[in-house]
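These notes are about the structure you will find just below.
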Amino acid sequence: MNGLDLALQEAGAAAYAAYGSSQDANVRYLTRFRTTDPVVYVQKSGERGMIVVPQMEHERAVRESTAAVVTRADAGYLEYIKAGEPRWRATAHMIADLARGPILVPATFPLALARELESFHPVILDTRGAVEGMRAVKTPEEIERIRSVQRVAETAMERGIALIRSAVPKDGVLYRDGLPLTSEAVRAGMHAVLLAHGCRGVDTIVSCGPDTALPHNEGFGPLLENEPIVIDIFPQEEQTGYHADMTRTVVKGEPSPEIREMFEAVRDAKALSSSMVRAGAVGADLYRATVEFFRDRGYESDTRGFIHSLGHGVGLEVHEDPSLGPQGGALVAGNVVTIEPGLYYPGTGGVRLEDMGAVTETGFDRFTQYGEELTL
């Protein structure tokens with residue numbers, strides 16, 4: 252019995268239903284079908300799930316999806332539309348016919364659709380996140396896919412750092428080819444590498460100086476000499492949807508003593524927490540061990556210093572289960588997680604280093620092979 256069948260049994264539901272495009276990670280996971288338009292997924296207990304698609308997508312869905320494929324016409328949707336039912340009502344009517352009983356839905360299920368469904372069958376919210384739990388434990392094939400995307404991420408990271416390394420400082424600003432080297436230029440160079448390898452980058456962080464004290468500041472404008480530059484890249488492979496995630500912090504020139512000490516503390520914290528990763532380890536325990544480590548080095552973990560979780564799962568979403576934060580549970584073999592301690596101080600800057608790998612029975616299979624050089 253898989254996780255979805257168990258969830259249906261525990262909820263007393265006849266079927267599970269999801270609605271969305273492949274931008275919805277649950278829909279993509281359940282169907283393995285890439286589409287910009289929303290589709291319906293219905294799975295009854297003990298049966299193969301089915302995907303309901305427009306007629307024009309039928310042949311492609313048969314070729315690509317792991318689910319049974321049904322057209323909207325065959326599922327009755329078009330008849331309900333012809334009878335004058337509005338779109339949400341017709342969709343709910345169709346799902347109700349397929350489910351034939353109480354329906355379990357994810358937290359992302361559209362409210363308008365849920366309200367219409369309730370007039371046919373009870374609708375039960377999957378508060379435990381059955382599909383998210385299934386996604387958190389990767390198959391060997393998924394692990395190799397993510398490992399492959401990580402190789403691309405490192406190639407793009409090398410491009411970005413090479414641009415910074417080759418820059419020439421002038422009056423505190425980094426120049427390349429006679430022009431200031433900007434966050435935007437480094438980001439564009441990295442994204443070009445990703446595109447050449449079938450991946451895309453969105454919201455890639457290339458922040459510098461004071462901006463690095465804000466962990467998710469995307470960064471803009473000229474890069475500066477002797478200042479920390481945080482590069483956080485989390486590309487998605489177009490074909491499969493899987494992500495990688497990595498961060499490095501570099502300085503072109505001479506870092507301040509404070510930044511150098513922060514870098515050494517973050518590097519050592521990452522090594523310590525990585526050594527603790529294995530099946531059965533508890534995410535919250537790893538987080539607390541990192542907090543204690545930083546405290547012993549003289550750094551707080553509150554509104555300054557270490558201000559985010561230690562890591563997170565990576566897969567069809569760049570942030571997914573499990574958590575390596577204050578509420579993180581036990582890790583299991585097959586989880587793919589990041590280890591990304593960081594320190595952030597307004598007026599000084601920030602440092603973050605991030606590796607990614609798979610949890611095994613005995614340790615951490617680190618996918619990230621890129622170095623940790625601070626000074627360029």
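In this text, residue positions in the sequence shown follow the numbering used here: the first is 252, and each later residue adds one.
Yeah, the Cβ is synthetic: ideal placement off N, Cα and C, and Gly gets one too.
Checklist entry - Counting Cβ pairs closer than 8 Å, one from the region 389-398 and one from the region 571-587, do we hit at least three? => result Yes: the two stretches touch, three or more of their Cβ pairs being nearer than 8 Å.
Item to check | Spatial neighbours of Y596 in its chain, beta-carbon cut-off 8 Å, leaving aside the 5 residues before and after | outcome: Excluding sequence neighbours, Y596 sits near A464, E509, M513, R555 and G556.
Item to check | Residue range of the beta strand (DSSP E) that includes Q490 | outcome: If you look at Q490, you'll find it isn't in any beta strand (DSSP E); DSSP assigns it neither H nor E.
Checklist entry - Can you list, in chain order, the residues of its chain whose CB lies under 6 Å from that of H448, leaving out five sequence neighbours each side? => result Closer than 6 Å at the Cβ level, and outside the excluded window around H448, lie V403.
Checklist entry - Taking the continuous beta strand (DSSP E) assigned at F615, which residues delimit it? => result It spans F615 to R617 - the beta strand (DSSP E) in which F615 sits, taken as one unbroken run.
Checklist entry - Starting from D288 and walking both ways along the beta strand (DSSP E), at which residues does that stretch end? => result Taken as a continuous stretch (DSSP letters only), D288 belongs to no beta strand (DSSP E), as it is neither H nor E.
Next on the checklist: Am I right that A319 and R299 are in contact with their C-beta atoms under 8 Å? What's the rounded C-beta distance?
Outcome noted: The beta-carbon separation of A319 and R299, rounded to 5 Å, stays under the 8 Å limit for a contact.
Checklist entry - Can you tell me where the alpha helix (DSSP H) with T541 in it begins and where it stops? => result Run containing T541: G534 to D547, per the alpha helix (DSSP H) assignment.
Checklist entry - DSSP puts Q294 in a beta bridge; with which residues? => result In the DSSP assignment, the residues bridged to Q294 are Y267.
Item to check | CB-CB length for G452 against D462, believed under 8 Å | outcome: G452 to D462, Cβ: 18 Å. No contact.
Next on the checklist: Can you check which of these residues, I484, P592 and V382, is closest to A268 by C-alpha distance?
Outcome noted: Among I484, P592 and V382, the Cα nearest to that of A268 belongs to V382.
Checklist entry - Residue range of the alpha helix (DSSP H) that M527 falls in? => result Counting along the chain, the alpha helix (DSSP H) containing M527 begins and ends at P508 to M527.
Next on the checklist: What does DSSP give as the partner residue(s) for H563 in the beta ladder?
Outcome noted: H563 is bridged to S574.
Next on the checklist: If the criterion is Cβ atoms closer than 7 Å, does the pair P577 and Y538 meet it?
Outcome noted: The answer is yes: Cβ separation under 7 Å.
Checklist entry - Are there 16 or more other CB atoms within 10 angstroms of the CB of Q294, so buried, or fewer, so exposed? => result Buried, since its Cβ has 16 or more Cβ neighbours within 10 Å.
Checklist entry - Can you name the start and end residues of the beta strand (DSSP E) that I590 belongs to? => result V587 to I590 is the span of the beta strand (DSSP E), which, as asked, contains I590.
Checklist entry - When DSSP labels each residue in this structure, what does L376 get in the three-state scheme? => result Taken through DSSP and simplified to helix, strand or coil, L376 comes out as strand.
Checklist entry - In three-state terms, what does DSSP make of P597? => result Coil.
Checklist entry - Which residues in the same chain as P573 place their Cβ atom closer than 7 Å to its Cβ, once the five residues preceding and following it in sequence are excluded? => result For P573, where only same-chain residues beyond five positions count, the Cβ hits under 7 Å are A387, G534, G564, G579, G580, L582, N586 and V588.
Next on the checklist: Based on DSSP bridge pairs, tell me the residues matched to E605.
Outcome noted: According to DSSP, E605 bridges with T498.
Checklist entry - So, Y621 versus E405, is the Cβ gap smaller than 7 Å? => result Their beta carbons are under 7 Å apart, which means Y621 touches E405 by this criterion.
Checklist entry - Three or more beta-carbon pairs under 8 Å between the region 596-605 and the region 491-506, yes or no? => result The region 596-605 vs the region 491-506: in contact.
Checklist entry - From R548 to A520, what distance separates their C-alpha atoms? => result Between R548 and A520, the C-alpha separation is close to 10 Å.
Next on the checklist: Less than 7 Å between the C-beta atoms of C459 and L474, yes or no?
Outcome noted: Yes, Cβ-Cβ distance for C459 and L474 is below 7 Å.
Item to check | Whole-angstrom distance between A418 and D428, CA atom to CA atom | outcome: The alpha-carbon atoms of D428 and A418 are separated by roughly 8 Å.
Checklist entry - DSSP puts P420 in a beta bridge; with which residues? => result As a beta-bridge residue in DSSP terms, P420 pairs with L425.
Checklist entry - Which residue or residues does DSSP assign as beta-bridge partners of D275? => result According to DSSP, which records beta bridges pairwise, D275 is partnered with nothing at all.
Item to check | Every unbroken alpha helix (DSSP H) inside the region 381-465 [4 residues or more] | outcome: Residue ranges of uninterrupted alpha helix (DSSP H) with 4 or more members, entirely inside the region 381-465 and ordered along the chain, are 381-387, 391-416 and 434-447.
Checklist entry - Sorted by chain position, which residues of the same chain lie with C-beta nearer than 7 Å to F544's C-beta, five sequence neighbours on each side aside? => result Excluding residues within five positions, the ones whose Cβ falls inside 7 Å are A520 and L523.
Item to check | Three-way DSSP call (helix, strand, coil) for G254 in this model | outcome: In this structure, G254 counts as helix in the three-state DSSP scheme.
Item to check | Extent of the continuous beta strand (DSSP E) to which T554 belongs | outcome: For T554, there is no enclosing beta strand (DSSP E), since its DSSP letter is neither H nor E.
Checklist entry - To which residues of the same chain is T491 closer than 6 Å at the C-beta, ignoring the five residues directly before and after it? => result Contacts found: R396.
Checklist entry - So P486 packs on A407, CB below 8 Å; how close in whole Å? => result About 7 Å; that satisfies the 8 Å criterion.
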